[in-house]
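> Protein chains in written order, with the working numbering: chain A, 1 to 314; chain B, 315 to 578; chain C, 579 to 937.
(1) Can you have a look at residue 8(A) and say buried or exposed, based on whether 16 or more other CB atoms are within 10 angstroms of its CB?
(2) When DSSP builds the beta bridges, which residues end up paired with residue 552(B)?
(3) Just verifying my parser: in three-state terms, what is the DSSP assignment at residue 325(B)?
(4) In the region 284–297 of chain A, which residues sit with their C-beta less than 8 Å from some C-beta in chain C, listed in chain order?
(5) Indicate whether the contact test is met: 3 or more Cβ pairs, each with one atom in the region 257–273 of chain A and one in the region 73–92 of chain A, closer than 8 Å.
(6) Pick out the complete alpha helix (DSSP H) segments inside the region 181–228 of chain A, 4 residues or longer, and give them in chain order.
(7) Counting only beta-carbon atoms, is residue 855(C) nearer than 8 Å to chain B?
(8) Nearest-angstrom Cα distance between residue 913(C) and residue 877(C)?
(9) What residues from the region 712–736 of chain C come within 7 Å of chain A, judged by C-beta to C-beta, listed N to C?
(10) Using the three-state DSSP reduction, which class does residue 384(B) fall into: helix, strand or coil?
(11) Considering only DSSP beta bridges, list what residue 498(B) is partnered with.
(12) Return the CA-CA distance between residue 149(A) and residue 158(A), expressed in angstroms with no decimal places.
(13) In the DSSP assignment, find the beta strand (DSSP E) that holds residue 755(C) and state where it starts and stops.
(14) Please list the partners that residue 127(A) has in chain C, where partner means a Cβ-to-Cβ separation under 7 Å.
(15) How big is the Cα-Cα spacing for residue 792(C) and residue 651(C)?
(16) Counting beta carbon pairs with one atom in the region 827–834 of chain C and one in the region 426–435 of chain B, are three or more of them shorter than 8 Å?
(17) How far does the beta strand (DSSP E) with residue 345(B) in it extend, from its first residue to its last?
(18) In chain order, what residues of the same chain lie with their CB nearer than 6 Å to the CB of residue 286(A), ignoring the 5 residues before and after it?
(19) Which residue wins for smallest C-alpha separation from residue 567(B), given the options 557(B), 348(B), 553(B) and 558(B)?
(20) For the alpha helix (DSSP H) holding residue 132(A), just list the boundary residues, first then last.
(21) Just to make sure I have the definition right: I need the residues of chain C whose C-beta is within less than 8 Å of the C-beta of residue 123(A). Which are they?
(22) With residue 709(C) and residue 46(A) assumed to form a contact (beta carbons below 8 Å), what rounded beta-carbon distance in angstroms separates them?
(23) Verify whether the separation of the beta carbon atoms of residue 39(A) and residue 243(A) is less than 8 Å.
(24) Do you know how far the Cα of residue 656(C) is from the Cα of residue 857(C)?
(25) List the whole-angstrom C-beta distance separating residue 852(C) from residue 859(C), where the pair is believed to meet the contact cut-off of C-beta under 8 Å.
(26) Relative to the C-alpha of residue 213(A), which residue among 63(A), 11(A), 15(A) and 134(A) is closest?
(27) Taking C-alpha atoms, which residue in 353(B), 482(B) and 378(B) lies nearest to residue 343(B)?
(28) If you measure beta-carbon to beta-carbon, which residues of the region 366–395 of chain B are closer than 8 Å to chain C?
(29) Taking only runs that begin and end inside the region 784–849 of chain C, name each unbroken beta strand (DSSP E) of 3 or more residues, in chain order.
(30) Output yes if chain A places a C-beta closer than 8 Å to the C-beta of residue 695(C); else output no.
(31) By the three-class DSSP mapping on this structure, what secondary structure does residue 419(B) have?
(32) Within a Cβ cutoff of 7 Å, which residues of the same chain sit near residue 561(B), ignoring the five residues on either side of it in sequence?
(33) If the cut-off is 8 Å on Cβ atoms, which residues from the region 211–235 of chain A count as contacting chain C, listed in chain order?
(34) So, helix, strand or coil for residue 709(C), using DSSP?
(35) With 16 as the cutoff for other CB atoms within 10 Å, does residue 419(B) come out buried or exposed?
(36) Say the cut is 7 Å; is the CB of residue 763(C) nearer than that to a heavy atom of the ligand FAD?
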């Protein structure tokens, strides 16, 4: 009997609740969008690096933290917003140079897992470094993004979420133009397709790597500012990276649209699951729901949402 | 060729195979048979579907149409490991060795199917498990002897030059004691001397163990010298099938393939 | 001059396939065993036994487990902590539900339960590979820890969520868990278990099973073509790897700390074990031990050095400094020797064999 009640609570009641109050469902879903945008941005930085260098960059979340810490640290020392942004962007570019020189170049041609481990080492380093330089406390961040709630069509929406979505949209558009229309973008796509072939037509691989790491750092900066404006800049930002990983499974490691759509799906799905399934499971399923969702998806479609089907050859 | 009389009944019969990827036809209505104890060469220009043919035979690709009968049994879908269990071994155009393992370990992997002790026995590495291991080690050493690769026994194969890797790969296939051995360009990228060695190994395997061999090769001299029969593919179709001499004189073959080769 | 194999001829393949084909290595191994079993219990302090040697051994066991899966079978896993937690909680439930069951049997059963859980989470490995699989194993990590936190049945409804080891003895009266247990007894118990399991692992990886794993790791398509069944081989790796991790988790909870909550096995634990096998050497049993020793000793060293040099560093500064040095060292190691300490050890031995003639 107990098990029947449990299954009822697990499989029936949440859907009944959704059916009875669709406005609430919509609100919850929109509430999940902001988190989804965050996941998308972190996943985006990840995809850029993976595409161009084949490196599974575990440090992406820490790069977000590091960028946000630097930004907020400069603000606290009296720099205006635009100057802090520029200086932080420059810092991220400098970091890309250092990483390429000290980590990637000596490890070129190693197994992917070795590079992956190196980025975990990088994670530890940046976490320590960022907190030594800028301190480990929670830094409140307010750069004047409006936060008042709006009612649109009977649904409660936070202005902040709209701004975040707009920023994300602009960023993706800029990146798309950069990739499709510029010479650097063309070189990047060539490298993503085939390292050896790109090298043989004279594309300098090193520069490309610096560029993608710098771009990923700047995307991380944007993500960090948005997240920090909402919850303050603190250590836990780097944990967002762990949530961005299932996004990658869902969207495919190499797909930019996959990262965006996957992030939104996970953000929304996670929120909906948390709200509607808490009675059945006792809550806190946010910890693993994204992974379960991605995993189920993966078993149905191993190449991800937008990934190409891989034909194995021998 | 004097050896022709030892050739027996067909062991493998491919009937009207059609294989396509998306819209691209790799094989179209191809039929061929491989007879016991013969050396069959499959030749043809690049992209003619030779490797696809081998992939179909050992279950790596599944053709859309047609049937394959191996030792009289018609197969539907088959996984590559099932082909291996039935005695089909092969080598690859781009060497497919286990690069992190030594030559000896690579050849020992060819014996895996014949090793029966379960993992609990393996954990003690003693008694029956050890006896089994040593028995297969003896076999592996015979192959190492045969292929003259004693000196690289303990070398990780990733560090070996290409020609030796090809030889180790042949060794791994031989360790399986296959009834049907498929060789995909066993001499690609070799110099004359290495090709001579490899040809000798192939003839010896065929001679000593009676192994049936189907091979893909581009070097016409080698093909004409060592094979009992030649099948020619062009654009996914079979255009000729016969003894080396017949194929050499076949006008369709000359047009499609040899003629071009002469001009070049 | 001492390390020479000249004059040692092998007259059978059996002798050639011994773990230590060179006589000096056999002596070295025997000496290590004597030190570990006789000398250490006589001279080691309580602190060394409880805070360094026992965690080192437990970590080594977990590292062997992960190395089987990742180093030999090539399946990257980030779920080690979760599997250790399964071992710990299974031991707790078994030991408290069946108080009369011998603790050795309890540990083995807990290992078997973990093996089953490992197989369950290893199932997707047939369809997904590489980093996709690594991320999928994170699902196991997060789900398992969540489960042990969420359902109080697992900790027998203790409000704190901490499971504490009840006293249990081997050979009737030698206590190895609980407050009364003597630290030397605990150490010897863990040492015996680790010795046996490490030998078993070494035997596995140099035989048929190990070759199947390495074949799948190096080239799964070619492995299938020589007759290896990928799913069966991968699942066996998951099962055996999880068995080791489960026993390591059980010993962590019952013998090393005596009481833990699920958070002791969070994602950081998984990374810690992964570091051990990378630094120690992927695909090396010896490397698992070397890596565990490195990771256990390094924080101690980082903690003690500033003190010894007379610096007074604030605690939070120190921990940040440590994580920086730790991260930098990882990268440094990967650059210098991506195949780990085990490889350095091997190179050292080769040099010694040739010495004093370099060629």
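A virtual CB, placed ideally from N, CA and C, is assigned to each residue, including glycine.
Working from what's here:
(1) exposed
(2) 547(B)
(3) strand
(4) 284, 285, 287, 288, 291, 292, 294 and 295
(5) no
(6) 183–193 and 195–200
(7) no
(8) 21 Å
(9) 713, 714, 716, 717, 720, 721, 724 and 728
(10) strand
(11) 530(B)
(12) 4 Å
(13) 752–755
(14) 901
(15) 5 Å
(16) no
(17) 338–349
(18) 270 and 274
(19) 553(B)
(20) 112–134
(21) 905
(22) Incorrect: roughly 11 Å between the Cβ atoms, too far for contact.
(23) yes
(24) 16 Å
(25) No, residue 852(C) and residue 859(C) are not in contact; Cβ-Cβ is about 13 Å, not under 8 Å.
(26) 63(A)
(27) 378(B)
(28) 372, 374, 393, 394 and 395
(29) none
(30) no
(31) helix
(32) 544, 546, 554 and 567
(33) none
(34) helix
(35) buried
(36) The ligand content of the structure shown is nil, which means the ligand FAD is not present either.
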